[in-house]
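For reference, the structure is listed below as structure tokens.
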Amino acid sequence: MTQKIIEFCARNQALVLLGVGALCALAVVSLRVIRLDALPDLSDTQVIILSRWDRSPDIIEDQVTYPVVSALLGAPKVKAIRGFSDFGYSFVYVVFEDGTDLYWARSRVLEYLSRIQGNLPEEVRTEIGPDATGVGWVFQYALVDRSGRHSLDEMRSFQDWTLRYALQAVPGVAEVASIGGFVKQYQITVDPNQIAAHGLSLDEVIRRVRDSNAEVGGRLIEWSGTEYMVRGRGYARSIQEFEEIVLKTGPLGVPVRLRDVARVTIGPEIRRGVSDLNGQGDTVGGIVVMRHGENAGNVIARVKARLDDLKPSLPDGIEVVTTYDRSDLIDRAIETLRHELVIEMIIVSLVILIFLWHIPSAIVPILTIPISVLLAFIPLYVMGVSVNIMSLAGIAISIGVLVDGAIIEVENAYNKIYLWQQNGRRGDFHEVRLDALKEVGPSVFFSLLVIAVAFIPIFALVEQEGRLFRPLAWSKNLAMALAAVLALTLDPAMRMLFARADPFTFRPRFLSWFATKVAVGTYLSEERHPISRAIFRVYEPACRLVLRRPWLTIGAAVLAVAASIPIYFRLGTEFMPPLHEGSILYMPTTLPGISVGEAARLLQAQDEALASFPEVQTVFGKAGRADTSTDPAPFAMIETTIVLKPEGGWRSRERFYSTWAPDWLKPLFRPFWPDRITFEELVDEMDRALRVPGVTNAWTMPIKARIDMLTTGVRTPVGIKILGSDLAEIERIGKEIESALRAVPGTRSVYAERTVRGFYVDIAPRREDLARHGLTIGDLHGVIRSAIGGENVTTTVEGRARYPVNVRYPRELRDDIARLERVLVATPSEAQVPLSQVADVRVVQGPSMIRNENGFLAGYVFVDVADRDIGGYVDEAKREVTNRVRLPPGTTLVWSGQYENMRRVRETMKVLIPVTIALIFILLYANSRSAFKAVVVLLAVPFSAVGAIWLFHLLGFHVSIAAWVGMIALMGLDAETGVFMLLFLDLSLDRARQEGRLKDLHDLDEAIVHGAVRRARPKMMTVLAAFMGLLPILWSTGAGADVMRRIAAPMIGGLVTSFIGELLVYPAIYKVWKRREVLPARGGAHG
Amino acid sequence: MIRKRAMLALVCATAVLGTGVTAMSCSRAAEEQKTLYHCPMHPMYVSDRPGDCPICGMKLVPVEKDGEGATLARGTAGTARAPKRTGEGKYVCPMEDGGVSDRPGKCPRCGMDLVLANAPETPPGMAEVPVSHEGMRILGVQTVTANRGRIERTVRAVGTVAVDETRVHRVHTKVGGYIERLYVNQTGQAVRKGRPLLDLYSPELLASLEEYLRALEAARRFSDSSLPEVRAGGQELLSAARRRLELYDVPSSLLNRLERVGHPPRTVTLEAPASGIVTLKGVFEGQRIEPATEVMTITDLSRVWVEADLYEGEARGIALDTPAVASLSYDRSVRLDGRVNFIHPILNPNTRTWKVRFEFPNPDGRLRPGDFANVEIPIESGEGVLIPDTAVMDTGEREVVFTAADDHRFVPRQVVVGLRHDGQALVFEGLKEGERVAAVATFLLDSESRIRSAVQETAGPAPAPAGHEGHGR
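Next up, the structure:
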């Protein structure tokens, strides 16, 4: 089959070239429209239901979160429902099963939500979040007033009512969230003494204010053939209009107006988020949230273009300053990868060129690389995989391997042609080549098949890791598959193009020499080839040495593998390799309960300190929540985006090479001895400068942080969710579990979540006193709500803008508890009694945030497990908890955690890995027809692990799935080279046997040396191509390089050791294996 | 044989190497044990080795080390000093110096809640906080020295301006008659004492005047008589007639003129008995009036009353002559000093309020009866240590201040705060005069203190945390 294809392509070169050319054009087109992003979208299919209501967490939980969560229970394809109640906000995350369509999920949520919407308190505003996540925060800006003439509320109004809508209309933008500044509000500050004196109640004032701000229509009136539309005007639009509102008319017809009992001012609405730019104090900012699955690069470009359009219409002196722009990172990362790709291609091409020393042969693999990479984008585009660091890294690591097929083909052709020339050119030159191509075609296809099969486990990954690494696996496999296809189609066609076997002889001489070199080339035997000669000189003595001590060699190899095992366990693990995004997200956290003022003050001071660093370009701080459901941060979580200047502008440092090394040499040292202050040092310095008591500093990066924040479940291997109805009880059980599990062997750490304190002022009514005054709880609550809290009673309509109108008591009456106690409650007997006479007012602590899981209050216990099989651990832990922890009725424990995931992955892997190994084994067996050989080939895997582990250890990398991906990629390569090694050994042995040179152990040794050493070139070439191709990645420093370095490192380390293993250990094993064949022969039977 | 020996050697070598590596890792682990790690976002999660936070997946960071040794020692000492259990302490009134009780409740004298005295020094679950230079700068920590002093609390009440009842004069005629002329013809008109109010034509009065004239004439005639009895009788008659006129409120000036002129006028002019405002005018010109007729009421507003309702607890600290300030909600320029002049002895059962009456001078008449006036009654509290009230962190369980041990260390201290007013707090217990406390950023100091305490609990020997907790509750 494969041979037929090769033959067909070789004979129809023009057709193949044309076809490939057309496909390349198509690839260029798809490259233009393919989605660009920094990282793959890792979010679950998740719908956020956000409810806003200015109430404390427990009230929100009881009246909003709980009904919402319970309404959604039983919705189809829902994996988990998690609710969080915070002050003023209820977040309900509905997580759907993997692969559920987001828009389908959203309509299910709406459908289920509609059943309860009527049952929620009237003031609750429930909305379903945008079709985006926090990871979609691609662009942020701040408004800066250069003229000093605009107040913060004006700027916020401009942001809210003009800029926001203009940007939200940009295709691909899901939402533009405002942050900071003040939302303008009409504040009606009612003097309780005055309304008491006028015999009014606050309720009445509120009612009157509400009634005095409306507009109605009176349908139509027809007059003399014309129709007139009737309208009743009446929106209050200014302070004066509010002041004139009549509250009551006295017996003598004297009206009591609002201004008689209250002060009307314009002030800030209650603030749940503040922002700061460069430590200059309050500012107004905006966050552009990209729609799920959009092309980040394009969306940002469109947003920027729209901002440019809007520039002339900005109010005087106001400027839009970009505070975060992900396209920088995307551009830089893609630039880095492109740069690396090009370098890799050049290096690999050079390796091939040097090894073959023959341009017509080398040109085939050299062209195969870019073409297969380019063509890979067509299926990637069709599958909706975006171009990001992961998918490009997949391509980057496959470059060295891509060409294997081509190398083997051309090497074989080269060898055959050389033999053909040596043997006096018998037969047709073309046929010889074609035969050579057809000969190795199946094995080329097979070797690439092995590599592809090895990747099966990656596709079995689910959830976040699946979403993160699947693009990499796809792009790598697609590139490989395309290379395989090209090896069967394009390569033969191209190889056949160079049809000439004789040197050119035209004049001038140098031109004909050049033409000959390029188009014909000279064929050298391995012995005469300069590279081969160098290899022989080193490898032959080494080979002989191991053959002298085969057992010792095998033993040493086993020991080397064994010695690596403890090292492996000392390696740290991480979910995702770090991606240096070029910006810092500084996340200082305080305990909950910090006030707006204090948070704003802290924010400004921190930003000022940060802005003083010379490396910093802008600092945009945010405390609290931006006006979006994708931002669940309370005031205790400050998020400051620090955009750094390009690294060239950072403070420099003296290094040993700084003075003498010329500029072109410096990049070589830089990755190991940076001559500028490094990112880590910078963060370290910042951290030292920002040690503030009560604040713990977290330094992360914008995208990474958003991804981290996406997961709302348990991240430890084991988690115990305590579901119940009483928070105190849940906390008590949590502590008991904590102490019970400490004793279980294998527990590395156990931590029961404490309800963190929030501060409450409790106003607890005394019912008997209320009764005495004829008051109901509701009357009292009315006062608490409106007088103390202040209620937005209506909204003004002023052109496009809408502002809330708030009624409350003067601030000085709410200053401390004593004053709160004096807040008056109107009784039915028209008397007014102070709060303290009907209720107790006290400061208490309570939960600052409440978690709801599938309708129950939930507390988590996080358990980290080490050195133990998780299934057994969980069983024992369950027993221990059942014995030692008493559960009150109605409280349940749910065991979950990553172990569920791990277990699922493990279950899948339990099937997949044996199947994969079996498949590879079968493929190997099919190829070599020997089970022993197949096993020996697979032995390369542990050898490669040795190098990978040690290199990881030396570089201080952590193990992540990225590393495993690298290892798996390596496995295919190992198998391939292993097969070749054994193949050449077999061939050599066969020939020796045929020639009768296999009489004793010495003959065996000679045969092995011949097979191993004489055919080292193709093996060296494939391995070196892969190795040298990966090396520049290890040197790269740009954006996205870190991810790639972690994938490339195991490959580089593994290639070295597995190759050494193959070169040195395989002969030893081979000798031990074949010795029995030879020894009886010496015994006499053979002859 | 050789091969075997060589292999043995290699195995040994590798074994040694392996143990070396393991040993190395062990010793490294031992070193690491001393460093604690916590999650930067969930600082309460503390681990003895690096890794990821189980809650949010962030990388754990080493717990800040500056001054850690000292903190550990001191912190443990602090937590070991178990706080007194409630019930053992004394309860004192935050206002008065006396008022000590064994049980919580209200002060018998001023009605305020009693507070626990002898509070423990370092509150449980908190630890000392070292602050670096940078930290001080960013926090903007300012320390304030506690001073002894008094604090004023202000009772605010709204009152109604009322007429000073002692300054109301009602004008009646003592005889019937007709009002010939009304000099003060409008309600609300201001009058001065002695100015004419009205001309009264009263036949009855006229007869009396005639009588007086006659008595005068008779007295003159009799004055020449040699008989002393006659002389005395004439004088008696005259003085009786004059007294009657005087009792009718006929001004003596009129009588003197009468004596000169010798014939009575048709009408008699009545004079204002006091300065003030005519608050009621019951008559019109030409009206016939009887002595029962209310002619007018003159009210003197140079001094007014303000009557205010004070709530039970508030009224207790107020006594007669307690100074007070009156102001008007619509006119900020008015501030008048006055005093309490009456406290109603009976509580209004409906509103649970006391009526308290204040007296205010009203020179320009700016307080008008019927106005609502705000009354502030400053009440001086007991003496104590004064600090800014931003320095006090009320956690709901206890009130805490952070005292500056030196320039860069703050020690939490439980205090008893009596009163807060006008940005000041009066501390009765837990703080001495001259100590310095952090005046701002209390929230962050409190957070840090808790985090450190949690870290110390984890760092301490295994049984210790349970013990601490037991003490704390």
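First to last, the protein sequences are chains A and B. According to this note's numbering, the first sequence is numbered sequentially starting from 313. According to this note's numbering, the second sequence is numbered sequentially starting from 4. In this text, a Cβ means the ideal position worked out from N, Cα and C, and glycines have one as well. Just so it is clear, the structure is predicted and the values come from calculations on it, not from any experiment.
Could you tell me which residues DSSP pairs with residue i in its beta bridges?
| i | result |
| --- | --- |
| Thr1009 of chain A | Contrary to the premise, residue 1009 of chain A reads as Asn rather than Thr in this sequence. Bridge partners of Asn1009 of chain A: none, in fact. |
| Ile182 of chain B | B:Leu203 |
| Ala764 of chain A | Beta-bridge pairing links Ala764 of chain A to no other residue. |
| Leu455 of chain A | A:Val596 and A:Val632 |
| Asp312 of chain B | B:Lys358 |
| Ala160 of chain B | B:Val378 |
| Ala1138 of chain A | A:Gln1144 |
I'd like to know whether the C-beta of residue i is nearer than 8 Å to at least one C-beta of chain A.
| i | result |
| --- | --- |
| Pro2 of chain B | This structure cannot settle anything about residue 2 of chain B, because the visible part of chain B is limited to 4 through 476. |
| Val307 of chain B | no |
| Phe375 of chain B | yes |
| Tyr40 of chain B | no |
| Arg423 of chain B | yes |
| Gln459 of chain B | no |
| Asp449 of chain B | yes |
| Arg369 of chain B | no |
| Thr300 of chain B | no |
| Arg453 of chain B | yes |
| Tyr204 of chain B | no |
| Pro123 of chain B | Below a pLDDT of 50, predicted positions are generally treated as unreliable, and Pro123 of chain B, at 46, falls in that range; the measurement from the model is reported next regardless. So, not an interface residue. |
| Cys29 of chain B | Confidence at Cys29 of chain B is low in this model, with a pLDDT of 42, below 50, so its placement is unreliable and no value can be given for it. |
| His347 of chain B | no |
| Ser456 of chain B | no |
| Tyr314 of chain B | yes |
Residues of chain A with CB under 8 Å from residue i, in chain order?
| i | result |
| --- | --- |
| Val403 of chain B | Within 8 Å Cβ-Cβ: nothing; Val403 of chain B doesn't reach chain A, min ~12 Å. |
| Tyr251 of chain B | Result: empty, since nearest Cβ-Cβ is about 40 Å, beyond 8 Å. |
| Ser336 of chain B | Result: empty, since nearest Cβ-Cβ is about 17 Å, beyond 8 Å. |
Checking contacts by CB at 8 Å: is residue i closer than that to chain B?
| i | result |
| --- | --- |
| Asn1164 of chain A | no |
| Leu1022 of chain A | no |
| Glu1192 of chain A | no |
| Val1155 of chain A | yes |
| Glu951 of chain A | no |
| Leu903 of chain A | yes |
| Thr577 of chain A | no |
| Gln552 of chain A | no |
| Glu631 of chain A | no |
| Glu435 of chain A | no |
What residues of chain B sit near residue i, judged by a beta carbon separation below 9 Å?
| i | result |
| --- | --- |
| Phe667 of chain A | Neighbours of Phe667 of chain A on chain B: none; closest Cβ ~35 Å, over 9 Å. |
| Phe1071 of chain A | Asp397, Thr398 and Gly399 |
If the cut is a Cβ gap below 9 Å, which residues of chain A does residue i touch?
| i | result |
| --- | --- |
| Pro43 of chain B | Met899, Pro900, Thr901, Thr1008, Asn1009, Ala1010, Trp1011 and Thr1012 |
Show which residues of chain B have a CB atom less than 7 Å away from the CB atom of residue i.
| i | result |
| --- | --- |
| Ser1061 of chain A | Ser50 |
So which residues on chain A does residue i lean against when the C-beta distance must stay under 7 Å?
| i | result |
| --- | --- |
| Pro161 of chain B | Looking at the sequence itself, residue 161 of chain B is Val, so the reference to Pro does not match. Within 7 Å Cβ-Cβ: Asn505, Ala508 and Ala509. |
| Phe363 of chain B | Result: empty, since nearest Cβ-Cβ is about 17 Å, beyond 7 Å. |
Contact between the region 603-622 of chain A and the region 963-979 of chain A: three or more CB pairs below 8 Å?
Not touching, per the Cβ criterion.
Given 8 Å, three or more beta-carbon pairs between the region 1031-1050 of chain A and the region 1158-1173 of chain A
By the C-beta criterion, the region 1031-1050 of chain A is judged to be in contact with the region 1158-1173 of chain A, since at least 3 inter-stretch pairs fall below 8 Å.
With a floor of 3 residues, list each beta strand (DSSP E) that falls wholly inside the region 472-535 of chain A, ordered by position along the chain.
For secondary structure counted as the beta strand (DSSP E) over 3 or more consecutive residues, the region 472-535 of chain A holds these complete runs in sequence order: 485-492, 496-502 and 528-535.
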